[in-house]
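Q: Heads up: the protein sequence lines correspond to chains X and U, in order.
Numbering (this note's numbering) for the first sequence: 739 to 1031.
Numbering (this note's numbering) for the second sequence: 610 to 973.
For each residue, glycine too, the CB sits at the ideal point set by N, CA and C.
Computed from a predicted structure; not experimentally measured.
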Amino acid sequence: MFLLGKGGVGRSTLAATLGLLAARQGRRTIVVEVSGRGDVPRLFAAKARTGVESELAPGLWTLDVDPRQALEEYLHDQLPLRVIADLLGSSTTFGIVAAATPGLREMLTIGKIWELSQPKRRVRGAAPYDVVVVDAPATGHGLALLDAPRTFASAAAVGPIARQGRRIAATLRDRSLTALVAVATPERAAVDELIGLRRALGGSLDAEIVNGVAAARFSAADAAALRDAGERPALAPETRHALAAAIAAESRSRAQRRQLARLDAPLELPLILARELGLRELEQLADALAAAA
Amino acid sequence: MSAERAQFGGRLCICVGAGGVGKTTVAAAIACLRASQGERVAVVTIDPAPRLAQALGLDELSGEPRRVPGAGELWAMRLDPKRTLDELIASLAPNDQARERALSNRIYRELSGAVAGSQEFSAVAKLYELNRDGGFDAIVLDTPPSRNALDFLDAPARLTHFFEGRALRLLLAQGSLATRAASRAGAPLLGLLGRLTGAGVLREITAFFTAIAGMVDALAERAAAVQALLRDPATGFVLVTSPKREAVEEAIAFAEELRRAHLTLAALVVNRVHGLEAVAAERSALEALLGARLAGLVAAQSRELEALGAADLAALERLREAFGGLEPVLIPDLGDEIEDLDGLARIGRYLERSPNGTSPSAAQ
């Protein structure tokens, strides 16, 4: 399952939430990041370790994919000559090789993600996962990630990577195996990106999820009454501020509804009012998501 | 010079911080404020929201400063890091042929994605040029969202290192030896990669270093000049954050990097703070005004806002603790997207009201 969408819309939080839901249902699940930021382990107050599969909760694992390490792994598997992998370990070398080979970075990342989902793992002794939730990079890069196997297979018509590219592309195309989920906040820019994403994927998304939807407390008539009240003379400052805040909330909620209306039956998740997100808030979100779906 | 003017950078003001904290907006507001104080100001933004771009007269891609209508001597430009790097390479190339060879090389074309810091380098390189040639009193630079502060600070050095490419040249030398002694393990690495990927990696890499060979010295020189500019006492960094936990931790780490690199932290701006105004109205007063039902809704709204405010207050405490004497400048959550000059001026009023008129040198 790939989560796509604009930066800052809560993809990582949602990836963790979906991971938690799947793990609750007894499926061995891994949440994959490709950012190097360790957002997912932080939600579970766990230490981030790039390139290491680690368990966050019973049945719920996480991995931050490092393309360079994925290449080493791949080479070790294909050609067990340690010295080659070690030479590639130099970041300058990798930078140049990756630059010389457009899409290599994405290809290695998606290759690793695919590997996680296979019944027979390339990593020695590693158990396969039932569900792989991918916190994909922001929109454009996310699409490049999904597209990499196909473009790679067509650019390099022969060779082992082209062969693997075709296999991965087939898995991604098979919508009984791969789900594409778009995430947005109820704001214009994020919704614009989601719609662009849907178009770029040929109109097919498995779900559209909107994060941080504010409670719609006030009707238009309420707003008018609030405005009238705000114009009375001699109001206490707190009262004036409370009224102004309510009016602002009504207009924000109306703007959010307008954005939601542009989407195709979106799943709405509420704004979480917590000092910081942790397991408890994720559980809340998981419940909300289970209820919405 | 007034205190608040000193606080938002000296001659060069570099706005840094995590993505999604409103850095572009704050940079534009600082530039607006300084222009309103009579300075000739350039604001260099990376990726403004469409309406902000429109407000700044930047709805078309523009690599040169344009005068913003109705804002005094405010000039704005949108930075295209890729194009900036192209221009730099073009200006450093010894002749037309060398320039074409470098710009059309596939490695070069993929460079911005491949080498961490090349976007950041382009941004500071542009700053350097504007500073040298632009005739501005002040330049405000919005920077690409950095995952790592070091990307920004080390970018000049790292890019030079990349262009010099010592490690890779060594590999290439090994590669050519290996064609004679093909069995030596490890040597045909690049050829092997070429076979695995089906791409002409080796050929491209050789071509890249040939193309760039004549420019390495000039580029290293420019990188050194840019590095010196970053350290100039007239250059101040404005750290922008939101009260969100990740952004706060990133800001603290960023400030630490700045300190270690002996760079000047001029101001800390916290954007989108909730609860700066008390909303705990008397329930009876609300009921008298609105009736029981609507008063209840307003009270619920106020409670939600107070919860957000409490969370933000904790974030501010954490920041104050980490930043010691540097009092953060607070900008409230203004709700709607800032989309015009009036909106920027609104933010400017909060910037102007900033708590302590610390001058950049005193803030260190």
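Tell me which residue opens and which closes the alpha helix (DSSP H) that U:S713 is part of.
A: Its alpha helix (DSSP H) spans residues D705 to S713.
Q: Under three-state DSSP, which class holds X:S957?
A: In the structure shown, X:S957 sits in coil (DSSP, three-state: anything other than H, G, I, E or B).
Q: Among all the DSSP beta bridges, which residues are the ones paired with U:A684?
A: Going by the sequence as given, residue 684 of chain U is Trp instead of Ala. U:A651 and U:R676.
Q: At a CB distance below 9 Å, what residues from the segment 973 to 984 of chain X approach chain U? Give them in sequence order.
A: The residues in question are L973, A974, P975, E976, T977, R978, H979, A980, L981, A982, A983 and A984.
Q: Among X:A963, X:L881, X:V769 and X:G849, whose alpha-carbon lies nearest the alpha-carbon of X:D873?
A: The residue with the shortest Cα to Cα distance from X:D873 is X:V769.
Q: Report the rounded CA-to-CA distance for X:L1027 versus U:L935, giving the unit in angstroms.
A: Cα to Cα, X:L1027 sits roughly 42 Å from U:L935.
Q: For the segment 867 to 888 of chain U, which residues have a beta carbon sitting closer than 8 Å to at least one beta carbon of chain X?
A: Correct list: E886, A887 and V888.
Q: State yes or no: is the beta carbon of X:R970 nearer than 8 Å to at least one beta carbon in chain U?
A: Yes - at least one Cβ of chain U is within 8 Å of the one on X:R970.
Q: Is the segment 731 to 746 of chain U touching the segment 683 to 690 of chain U in the sense that three or more CB pairs, one from each, lie closer than 8 Å?
A: Taking 8 Å as the limit for Cβ pairs, the verdict is that the segment 731 to 746 of chain U does touch the segment 683 to 690 of chain U.
Q: By the 10 Å Cβ neighbour count, where 16 or more other Cβ atoms means buried, how is U:G900 classified, buried or exposed?
A: Label assigned to U:G900: exposed.
Q: Report buried or exposed for X:Q807, applying the criterion of at least 16 other Cβ atoms within 10 angstroms of its Cβ.
A: So X:Q807 ends up on the buried side.
Q: Examine the ligand FAD and report whether any of its heavy atoms sits within less than 7 Å of the Cβ of U:L848.
A: With respect to the ligand FAD, the structure shown offers nothing to examine, as it has no ligands at all.
Q: Relative to the C-alpha of U:E961, which candidate in U:D949, U:D826 and U:A644 has its C-alpha closest?
A: It is U:A644 whose Cα lies nearest to the Cα of U:E961.
Q: Put U:I639 into one of helix, strand or coil per three-state DSSP.
A: The answer is helix: DSSP assigns U:I639 an H, G or I state.
Q: So which of X:T916, X:A953 and X:F782 has the shortest CA-CA distance to X:S991?
A: Answer by Cα proximity: X:A953.
Q: Once DSSP output is grouped into helix, strand and coil, what is the label at U:T850?
A: It is a strand residue.
Q: Determine the direct distance from the alpha carbon of X:R965 to that of X:V1090, and round the result to whole angstroms.
A: Outside the displayed range of chain X (739 to 1031) lies residue 1090 of chain X, so it cannot be described from this structure.
Q: Within this structure, are the beta carbons of U:L667 and U:A637 separated by less than 8 Å?
A: Not in contact: U:L667 and U:A637 (Cβ atoms no closer than 8 Å).
Q: Do X:G841 and X:A886 count as a contact pair if the criterion is CB distance below 8 Å?
A: A contact, by the Cβ cut-off of 8 Å.
Q: Please check if any C-beta of chain X sits within less than 8 Å of the C-beta of U:S911.
A: With 8 Å as the cut-off, U:S911 counts as an interface residue toward chain X.
Q: Determine contact between the segment 917 to 930 of chain U and the segment 948 to 956 of chain U, defined as no fewer than three beta-carbon pairs at a distance below 8 Å.
A: The segment 917 to 930 of chain U, when compared against the segment 948 to 956 of chain U, does not touch it at the 8 Å Cβ threshold.
Q: Please classify X:E946: does DSSP put it in a helix, a strand, or coil?
A: Strand, per DSSP.
Q: Can you look up U:A875 in the DSSP assignment and give me helix, strand or coil?
A: Note: U:A875 maps to strand in three-state DSSP.
Q: So for U:F730, helix, strand or coil by DSSP?
A: The answer is helix: DSSP assigns U:F730 an H, G or I state.
Q: Using a Cβ-Cβ cutoff of less than 6 Å, which residues in the same chain neighbour U:I956 once the five nearest sequence positions on both sides are dropped?
A: These residues qualify, in order along the chain: A638 and I940.
Q: Going along chain X in order, which residues have a C-beta closer than 8 Å to the C-beta of U:E891?
A: Result: A974, E976 and T977.
Q: What are the boundary residues of the alpha helix (DSSP H) that X:T977 is part of?
A: Element bounds for X:T977: P975 to L998.
Q: Determine the extent of the beta strand (DSSP E) in which X:T767 is found, giving its start and end residues.
A: Element bounds for X:T767: T767 to E771.
Q: May I have the straight-line CA-CA distance separating X:S942 from U:P657, to the nearest angstrom?
A: Approximately 30 Å between the Cα atoms of the pair.
Q: Can you grab the Cα-Cα spacing for the pair X:A907 / U:E886, in whole Å?
A: If I take the Cα positions, the gap works out to 54 Å.
Q: Assuming X:P875 and X:R843 form a contact by the criterion Cβ under 8 Å, report the distance between their Cβ atoms to the nearest whole angstrom.
A: X:P875 to X:R843, Cβ: 10 Å. No contact.
Q: Examine chain X for any beta-carbon lying closer than 8 Å to the beta-carbon of U:L667, and answer yes or no.
A: Cβ-Cβ to chain X under 8 Å: no for U:L667.
Q: Taking CB distances under 8 Å as the criterion, tell me whether U:G629 reaches chain X.
A: So, interface residue.
Q: Can you check whether the C-beta of U:A894 is within less than 8 Å of a C-beta belonging to chain X?
A: Yes - at least one Cβ of chain X is within 8 Å of the one on U:A894.
Q: When we look at the beta-carbon of U:S611 and count the other beta-carbons within 10 Å, is it buried (16 or more) or exposed?
A: For U:S611, the predicted structure reports a pLDDT of 42, less than 50, and the residue's modelled location is therefore unreliable. A value from the coordinates is still provided. It is exposed - the Cβ of U:S611 has fewer than 16 other Cβ atoms within 10 Å.
Q: Mind checking the segment 937 to 963 of chain X against chain U and listing, in chain order, the residues whose C-beta falls within less than 9 Å of any C-beta there?
A: Residues passing the 9 Å Cβ filter: A952, A953, R955, F956, D960 and A963.
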